[in-house]
Amino acid sequence: MLSIENLRKIFRPAGQAEVRAVDDVNLSVEPGRLLTMLGPSGCGKTTTLRCLAGLERPDSGRIVIGDTVVFDSHKDVFVPASDRGIGMVFQSYAIWPHMSVFENVAFPLRVSRTRKYGAAEIKERVKKALEMVRLSGLEQRSSTRLSGGQQQRLALARGLVHEPKVLLLDEPLSNLDAKLREQMRFELKHLQRTLRITTVYVTHDQAEALALSDEIAVFNAGRVVQRGSPQEIYSRPGSRFVADFIGSANFVAGAVTQEGGPDGMAAVATAHGIFRCPFASPVRAGEKVVISARPEDLVLSYAPPGEGLNALAGTVSGRIFLGEVIDYTVNVGETELRVRARPEHAFRVREAVHIGIAPQKCVGLPA
Numbered sequence: 110m111l112s113i114e115n116l117r118k119i120f121r122p123a124g125q126a127e128v129r130a131v132d133d134v135n136l137s138v139e140p141g142r143l144l145t146m147l148g149p150s151g152c153g154k155t156t157t158l159r160c161l162a163g164l165e166r167p168d169s170g171r172i173v174i175g176d177t178v179v180f181d182s183h184k185d186v187f188v189p190a191s192d193r194g195i196g197m198v199f200q201s202y203a204i205w206p207h208m209s210v211f212e213n214v215a216f217p218l219r220v221s222r223t224r225k226y227g228a229a230e231i232k233e234r235v236k237k238a239l240e241m242v243r244l245s246g247l248e249q250r251s252s253t254r255l256s257g258g259q260q261q262r263l264a265l266a267r268g269l270v271h272e273p274k275v276l277l278l279d280e281p282l283s284n285l286d287a288k289l290r291e292q293m294r295f296e297l298k299h300l301q302r303t304l305r306i307t308t309v310y311v312t313h314d315q316a317e318a319l320a321l322s323d324e325i326a327v328f329n330a331g332r333v334v335q336r337g338s339p340q341e342i343y344s345r346p347g348s349r350f351v352a353d354f355i356g357s358a359n360f361v362a363g364a365v366t367q368e369g370g371p372d373g374m375a376a377v378a379t380a381h382g383i384f385r386c387p388f389a390s391p392v393r394a395g396e397k398v399v400i401s402a403r404p405e406d407l408v409l410s411y412a413p414p415g416e417g418l419n420a421l422a423g424t425v426s427g428r429i430f431l432g433e434v435i436d437y438t439v440n441v442g443e444t445e446l447r448v449r450a451r452p453e454h455a456f457r458v459r460e461a462v463h464i465g466i467a468p469q470k471c472v473g474l475p476a
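The opening position of the sequence shown corresponds to residue 110 in my numbering, with each subsequent residue numbered one higher.
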């Protein structure tokens, strides 16, 4: 449904060095799937989305939506945003404050350049779009009298009213409070799955990306550094940047002492002893590496961990009660590790503890 090939966008501020906002990005999205472009501010994800929408003209590359080439630098093709058959929801919602709910949703149909819509069809399409987002009965209400969640759904209805080939969402939940944002994640996911509409979602919120996506493309410095399912990205990050950006991660530096066998499991000498962990790609003896492990995969105990586990000993330096879990910080030598544990067995600050980590729960990464 959507493909991006060798896309580049360079900004050249007057008197300043050029900025490669999008640097040779290649992506494709299958029909009916939701791809999230995830990364920190300034990583190129929003610029890529704007290039998809036709709001920015790339310097080079190719973009295809459905069967239509909407941008091709070699053939000098650039289809305007209004003719690309996409729907877009902005971070600010961009709702017209002087219009009613009905007129806000009807606006894209009234100004469409690709076809003319009659009054009866506009009424029917607006009704259907408002039903999808649970705003039926509010057609004549002023858009300024809607709550934050209702405004977000109104913006979504406006993006869906002309039945676009692709829906583009630019951080649509960032203006909502935490509770409402969590609720809207479920609503968005349900709506996207029900309509089977191909969707590209931009966010810097890792929890949002993990909850909503079929696939995640992690951006950094204008490039896609890893792509995969939410579980793959979280459980098997390909670099320290991805491991650190997606959720929380602990890192222990070391050097390979024994290369991985058929299962990819290698031995690594660290300041805290020998660790065993899998590597996605082959490593050589003597190579400097970093071992990553998630806080929830570290097991705290007073007794040394059982045989076969990577073991450390340290002292609890802090704890935060979060309801269903307790977040601990544990000093192991000069290294501070985070451990997330159930509250049934609470450990106290300054207590001596042991940490056990199953080798298969670790990820070996290039240093």
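A virtual CB, placed ideally from N, CA and C, is assigned to each residue, including glycine.
Starting from Met197, follow its DSSP beta bridges and name the residues at the other end. Counting from one through the sequence shown, the residue named residue 197 turns up at place 88. Beta-bridge pairing links Met197 to Leu277.
Among His271, Val448, Lys298 and Glu453, which has the Cα closest to the Cα of Met197? The residue given as residue 197 occupies position 88 in the sequence shown. The residue with the shortest Cα to Cα distance from Met197 is His271.
Please state if the CB of Ala364 and the CB of Ala378 are separated by a distance shorter than 9 Å. Your numbering for residue 378 matches position 269 in the sequence shown. Your numbering for residue 364 matches position 255 in the sequence shown. A contact, by the Cβ cut-off of 9 Å.
Report yes or no: do three or more beta-carbon pairs, one from the stretch 243-263 and one from the stretch 191-211, lie closer than 8 Å? yes
Report buried or exposed for Glu416, applying the criterion of at least 16 other Cβ atoms within 10 angstroms of its Cβ. By one-based count along the sequence shown, residue 416 stands at place 307. Its Cβ having fewer than 16 others within 10 Å, Glu416 is exposed.
Would you kindly work out how many angstroms separate the C-alpha atoms of Asn57 and Thr312, rounded to a whole number? The structure shown has nothing for residue 57, since the chain only spans 110 to 476.
Indicate whether Ser245 and Lys236 have their beta-carbon atoms separated by less than 9 Å. Reading the sequence shown from its first residue, position 136 is the one you call residue 245. Reading the sequence shown from its first residue, position 127 is the one you call residue 236. It is a contact, given that the beta carbons lie within the stated cut-off.
Could you check which residue in Asp181, Arg222, Gly163 and Cys160 has the C-alpha nearest to that of Gly170? Within the sequence shown, the letter at position 61 stands for residue 170. If we check each option's Cα against that of Gly170, Asp181 comes out closest.
According to DSSP, residues forming a beta bridge with Gln367: The sequence position of residue 367 within the sequence shown is 258, counting from 1. Per DSSP, Ala376.
Quick one: any contact between the stretch 309-326 and the stretch 143-155, if contact means 3 or more CB pairs under 8 Å? yes
Provide the residue(s) that pair with Asn284 in DSSP beta bridges, ordered along the chain. By one-based count along the sequence shown, residue 284 stands at place 175. DSSP output for Asn284 lists no bridge partner at all.
Give the range of the alpha helix (DSSP H) segment to which Arg349 is assigned. If you number the sequence shown from 1, residue 349 lands on position 240. Counting along the chain, the alpha helix (DSSP H) containing Arg349 begins and ends at Arg349 to Phe354.
Can you tell which of Pro167, Thr444 and Gly163 has its C-alpha closest to the C-alpha of Arg121? The residue given as residue 121 occupies position 12 in the sequence shown. When each option's Cα is compared against that of Arg121, the closest is Pro167.
When you compare the stretch 386-406 with the stretch 439-457, are there three or more beta-carbon pairs, one atom per stretch, that lie closer than 8 Å? Taking a cut-off of 8 Å on C-beta distances, the stretch 386-406 touches the stretch 439-457, as three or more cross pairs fall below it.
Starting from Pro475, trace the beta strand (DSSP E) both ways and give me its first and last residue. Walking along the sequence shown from the start, residue 475 turns up at place 366. Note, Pro475: beta strand (DSSP E), Val472 to Pro475.
Taking the DSSP output, what are the residues bridged to Gln335? For the purposes of this step, residue 335 is taken as the residue at position 226 of the sequence shown. Looking at the DSSP assignment, Gln335 forms a beta bridge with Val327.
At the level of alpha carbons, what is the spacing between Asp132 and Asn329? As a working mapping, residue 132 is identified with position 23 in the sequence shown. As a working mapping, residue 329 is identified with position 220 in the sequence shown. Rounded to whole angstroms, Asp132 to Asn329 spans 10 Å at the Cα level.
What are the start and end residues of the beta strand (DSSP E) that includes Pro217? On the sequence shown, position 108 is the one that residue 217 refers to. Per DSSP, Pro217 belongs to no beta strand (DSSP E); it is in the alpha helix (DSSP H), Val210 to Arg219.
Look at Ile383 and Ala376 and say whether their C-beta atoms are less than 9 Å apart. Walking along the sequence shown from the start, residue 383 turns up at place 274. Walking along the sequence shown from the start, residue 376 turns up at place 267. Closer than 9 Å, so yes.
Does DSSP classify Lys118 as helix, strand or coil? Here residue 118 refers to the residue found at position 9 when the sequence shown is read from its first residue. In this structure, Lys118 counts as strand in the three-state DSSP scheme.
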